[in-house]
Structures are given as C-alpha cells and as structure tokens.
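A.B. asks:
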Amino acid sequence: MNTSEWLVAEATGLAKKEKNYKKRAFFEYLAELCGEQGKRIEQAESELDGRLWNPQKW
2 MNTSEWLVAE ATGLAKKEKN YKKRAFFEYL AELCGEQGKR IEQAESELDG RLWNPQKW
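In this text, residue positions in the sequence shown follow the numbering used here: the first is 2, and each later residue adds one.
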C-alpha cells in the first residue's frame, strides 16, 4: 500500500465515521483528490519510464 492508497483509505474511514456534514464532505473530497493525484503520479512515472527506454539511444 503506497502513501496515496493509505491516505484514501484513512480519509474514507474518517468520512464514514463523521457526523458533521461539512467535515464528512471534506474527507470525501480529500479521498477523491488523493485518488486522482495517485493516478497522475503513476501516469507521470510511466511516461518517464517510456521516454527513458529508447533502444535507439543505446
């Protein structure tokens, strides 16, 4: 479990336990935002790997 997955899990858990609507909405949005950020980080890492792996430059 990486940091993004952990943060999503924690924020989701806090949102489920929270009674206050504003705090629950905050935690739900935080989980969504962290999930998207994790996807973007993974895509950027994959793009970097793809650009660096170039057999023509070997």
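Positions of the beta carbon are idealized from the N, C-alpha and C atoms, including for glycine.
My output table needs one value for R7: the three-state DSSP class, helix, strand or coil.
C.D. replies: Residue numbering aside, residue 7 sits at position 6 when the sequence shown is read from its first letter. The sequence shown places Trp at residue 7, rather than the Arg named in the question. Note: W7 maps to helix in three-state DSSP.
A.B. asks: Less than 7 angstroms separating the beta-carbons of T13 and A32?
C.D. replies: As a first step, residue 13 must be located in the sequence shown, where it is residue number 12. As a first step, residue 32 must be located in the sequence shown, where it is residue number 31. Result yes, Cβ atoms of T13 and A32 sit closer than 7 angstroms.
A.B. asks: Suppose the cutoff is 6 angstroms on Cβ atoms and the five residues either side in sequence are ignored; what does the same chain contact list for E29 look like?
C.D. replies: What you label residue 29 is simply residue 28 of the sequence shown in a count that begins at 1. These residues qualify, in order along the chain: A16.
A.B. asks: Between V9 and the rest of its own chain, which residues show a CB-CB distance below 8 angstroms, the 5 nearest in sequence each way excluded?
C.D. replies: Position 8 of the sequence shown, counting from 1, holds the residue named residue 9. These residues qualify, in order along the chain: A32, C35, G36 and G39.
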